[in-house]
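To start, the structure itself, in structure tokens.
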Amino acid sequence: DQQVKQNSPSLSVQEGRISILNCDYTNSMFDYFLWYKKYPAEGPTFLISISSIKDKNEDGRFTVFLNKSAKHLSLHIVPSQPGDSAVYFCAASDNAGNMLTFGGGTRLMVKP
Amino acid sequence: EAGVVQSPRYKIIEKKQPVAFWCNPISGHNTLYWYRQNLGQGPELLIRYENEEAVDDSQLPKDRFSAERLKGVDSTLKIQPAELGDSAVYLCASSLGQNPLVYEQYFGPGTRLTVT
């Protein structure tokens, strides 16, 4: 039973355009959400997070939106750059800070 | 500052053989995690240590998997005997504390295990 789902295994975007990566969750106890970025042969690195008390968090070119009623979050990257090409994982935790539950990842390819 | 170090990076073994993975966390990080990442999936937590104590090992298949962090620094994850389904990337991560809402987890590059 996947509690965090990333339904698009891959996404291809032209350089300079917006990339939108989506994530859905089923556990209503999840209160905190994170996005990780992973390059080949490297471990995931933290990118951006959002708490359920907010519906938006922005950091430079990266913005995460949370729709708690729909149990949906998305990561927007604008403008997209070739160096953004990587696998992006969505992760969630409850407010007690228990274990992170990861989605299956979305491979983003930004074409020059 | 050195990141999380894992070795080996790759391991190929035949089924029923034992295998061990080693992790050295970032200096000063009290919390250490072992994750398993199957192909096309996200990381899944196997075990979490707070110093030398395993505080969450509910996801660790204890019939064949074992882990230790004897001095509260580096850690070893062992599989004995390995099965075909154990083929995956084994990731180690560390953080200053155990609450992911407060403390960022830093991941190592992983060990890719192939069981034939």
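Going line by line, the protein sequences match chains A and B.
Under this note's numbering, the residues of the first sequence are numbered 770 to 881, in order.
Under this note's numbering, the residues of the second sequence are numbered 11 to 126, in order.
Glycine included, C-beta positions come from ideal geometry on N, C-alpha and C.
Hey, is Glu63 of chain B's beta-carbon within less than 7 Å of any beta-carbon in chain A? Judged by the 7 Å Cβ criterion, Glu63 of chain B is not in contact with chain A.
Between the CA atoms of Val879 of chain A and Gly852 of chain A - distance to the nearest angstrom: Just so you know, the alpha carbons of Gly852 of chain A and Val879 of chain A end up roughly 8 Å apart.
Rounded to a whole number of angstroms, what is the C-alpha to C-alpha distance between Pro110 of chain B and Pro28 of chain B? For Pro110 of chain B and Pro28 of chain B, the distance between alpha carbons rounds to 32 Å.
Could you name the residues that DSSP lists as bridge partners for Thr86 of chain B? BP columns for Thr86 of chain B point to B:Trp32, B:Glu78.
Rounded to whole angstroms, what is the Cα-Cα separation between Ser777 of chain A and Arg876 of chain A? A straight line joining the alpha-carbon of Ser777 of chain A with that of Arg876 of chain A spans about 8 Å.
Among A:Pro813, A:Asn826, A:Gly874, whose alpha-carbon lies nearest the alpha-carbon of Glu114 of chain B? The shortest Cα separation from Glu114 of chain B among A:Pro813, A:Asn826, A:Gly874 belongs to A:Pro813.
What does the Cβ neighbour count give for Met798 of chain A, buried or exposed, with the cut at 16 atoms within 10 Å? It counts as exposed.
For Gly829 of chain A, would you say it is in contact with chain B, using Cβ-to-Cβ distances shorter than 7 Å as the test? False, the Cβ-Cβ gap to chain B never drops below 7 Å.
Which residues in the same chain as Phe75 of chain B place their Cβ atom closer than 6 Å to its Cβ, once the five residues preceding and following it in sequence are excluded? Cβ neighbours of Phe75 of chain B beyond the five flanking positions: Ile89.
Using only the alpha-carbon positions, how far apart do Ala12 of chain B and Ser37 of chain B sit? The straight-line gap from Cα to Cα measures roughly 8 Å.
Counting Cβ pairs, one atom from each stretch, are 3 or more of them under 8 Å apart for the region 784-801 of chain A and the region 95-103 of chain B? Contact between the region 784-801 of chain A and the region 95-103 of chain B is absent, because fewer than three Cβ pairs lie under 8 Å.
Pro35 of chain B: buried (16+ other C-beta within 10 angstroms of its C-beta) or exposed? By the neighbour-count criterion, in which 16 or more other beta carbons inside 10 Å mark a residue as buried, Pro35 of chain B falls on the buried side.
Please report the straight-line C-alpha distance between Arg131 of chain B and Ile787 of chain A, rounded to a whole angstrom. The requested residue 131 of chain B does not occur in the structure, where chain B is confined to residues 11 to 126.
Contact belief for Asn826 of chain A with Ser818 of chain A at Cβ below 8 Å, rounded distance in angstroms: Rounded, the Cβ-Cβ distance is 7 Å, consistent with contact.
Contact set for Val99 of chain B: own chain, Cβ-Cβ below 6 Å, skip 5 residues either direction: Here the set comprises Gln47, Gly120, Arg122.
Using the beta-carbon of each residue, which ones in chain A are nearer than 9 Å to Leu106 of chain B? Near Leu106 of chain B there are no residues of chain A at all, since even the closest Cβ is about 13 Å away, more than 9 Å.
Answer with buried or exposed for Lys823 of chain A, where buried requires no fewer than 16 other C-beta atoms within 10 angstroms of its C-beta. With fewer than 16 Cβ atoms within 10 Å of its Cβ, Lys823 of chain A is classed as exposed.
Same chain, Cβ closer than 7 Å to Gly874 of chain A, neighbours up to 5 away in sequence not counted: Residues of the same chain with a CB within less than 7 Å of the CB of Gly874 of chain A, apart from the 5 flanking positions on each side, are Gln775, Val856, Tyr857, Phe858 in chain order.
Closer than 8 Å at the beta carbon, the chain A residues around Glu114 of chain B: Result: Phe815.
Residues that Ala103 of chain B bridges to, as DSSP identifies them: For Ala103 of chain B, the beta-bridge partners assigned by DSSP are B:Tyr43, B:Phe117.
DSSP puts Ser779 of chain A in a beta bridge; with which residues? Answer by DSSP bridge pairing, in chain order: A:Arg876.
Compile a chain-ordered list of the residues in the region 787-820 of chain A whose CB is closer than 9 Å to at least one CB of chain B. Only Asp800, Tyr801, Leu803, Tyr805, Lys807, Ala810, Glu811, Gly812, Pro813, Thr814, Phe815, Ser818, Ser820 from the region 787-820 of chain A bring a Cβ to less than 9 Å from some Cβ of chain B.
Alpha-carbon spacing of Arg79 of chain B relative to Gln783 of chain A, whole angstroms: Taking the straight line from one Cα to the other gives about 46 Å.
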